[in-house]
Amino acid sequence: MDVTGAGYSIDGAAASNITTSAGDLTIGGGTQAGAVTIQSAEADAAAIFLNASNGAGGIDIDAGSAGIAMDVTGAGYSIDGAAASNITTSAGDLTIGGGTQAGAVTIQSAEADAAAIFLNASNVAGGIDIDAGSAGIAMDAANITITPTTLTTNVGDMTIQGIADAEAELFLESDAAADDDDKWRIQATAETGVLAIANKVSGAYVDKLTIDAATGVVSSTAGFSGPMASSSLTSDANVTVQSNNNNAGAILITAAADPGGDAAITINNTLGTSVTEGTAAIQLKALAGGINIKADVANASAVRLNASAGGMQINANDA
1 MDVTGAGYSI DGAAASNITT SAGDLTIGGG TQAGAVTIQS AEADAAAIFL NASNGAGGID
61 IDAGSAGIAM DVTGAGYSID GAAASNITTS AGDLTIGGGT QAGAVTIQSA EADAAAIFLN
121 ASNVAGGIDI DAGSAGIAMD AANITITPTT LTTNVGDMTI QGIADAEAEL FLESDAAADD
181 DDKWRIQATA ETGVLAIANK VSGAYVDKLT IDAATGVVSS TAGFSGPMAS SSLTSDANVT
241 VQSNNNNAGA ILITAAADPG GDAAITINNT LGTSVTEGTA AIQLKALAGG INIKADVANA
301 SAVRLNASAG GMQINANDA
């Protein structure tokens, strides 16, 4: 049927079909100069239905430089596959959502696999850039592992926060080996406000250094070694210098000036006025032993006791 100079129309009052028992059924074809429009006004989810019903059948859609536009108004759309599927572009970016995306973009997988969702910038110069607004980025997982090949850098504030009434903990390990020596934990304890640095010993973390937020006390299980960074030790509270060692050098105060002969040690109380035993301004007490004052210098004033404005009282028991 050929029509020249005008078009033609085939209308039916009921369901109709055009079929061929062999060969292809072509609408338009390679010589089709105008558009091919397939349109239905039916209010049905399958108003236009393309079905390659053979088990080995498929649907192939090709387009030129104008691309393919698929618009849905009033509802969404779904693309489902029964096997592994992909969307790729040979040039340019592949965008999901875009700058005009008003709703959320959800990427979800129900696979029970460590790589259920896999983001891979496989080019050696490639990267992954994640940006967020004021709501921030939330990552919830049993464990989060970040393995950089060179360096991990954080610009700005980073907060490590435990769940309600639980410790906040940061774990540092130099490698993934089984030995404990290189495994450290930095912990802010719940409610008490104690900052603790612990090393792993025999499979359990043992505190090595603690800082108490309430008292400001810094404690070390093995003590402190090396010079003081500050030349002044000042506190608004009582200061206790204590050693738990049981030997003759438990506490040693030394003024070591080398070379030089001007070094001195001064114990000075500028406020206390009591002269009563037990509360005197400066007290030297040995509860179970003696007190030895010795000077090795050959000088008439090697040991000097001077009460310049008062008397001197010495009590001795004859026993």
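Quick note on numbering: the sequence shown equals residues 1 to 319 in full-length UniProt numbering. We treat Cβ as the ideally placed atom computed from N, Cα and C, and that holds for glycine. For clarity, every value in this text was computed on a predicted model and none was experimentally measured.
- Message: Whole angstroms are fine: how far does the CA of A116 sit from the CA of T215?
- Response: 49 Å
- Message: With distance defined between alpha-carbon atoms, name the residue in N306, A114, V297 nearest to A141.
- Response: A114
- Task: With DSSP as the reference, label Q39 as helix, strand or coil.
- Result: coil
- Residue range of the unbroken beta strand (DSSP E) whose run includes R185: 183 to 188
- For D212, the three-state DSSP class (helix, strand or coil): strand
- Item | Neighbour-count burial assignment, V194, 16 or more Cβ in a 10 Å radius | buried
- Task: Give a yes or no on whether the C-beta atoms belonging to I160 and L172 are separated by under 9 Å.
- Result: no
- Message: By the three-class DSSP mapping on this structure, what secondary structure does D258 have?
- Response: coil
- Tell me whether K200 sits in a helix, a strand or coil according to DSSP, three-state version. strand
- Query: If we ignore side chains and look at the alpha-carbon of each, how far apart do S301 and N292 end up?
  - Reply: 17 Å
- Message: Between the alpha carbons of G133 and A112, how many angstroms are there, rounded?
- Response: 31 Å
- Item | Endpoints, beta strand (DSSP E) assigned at S219 | 218 to 220
- Pairwise C-alpha distance: A281 and I314: 17 Å
- In angstroms, rounded to a whole number, what distance separates the CA positions of A43 and A35? 24 Å
- Query: In whole angstroms, what separates the C-alpha of K294 from that of A288?
  - Reply: 19 Å
- Message: Less than 9 Å between the beta carbons of A188 and A168, yes or no?
- Response: yes
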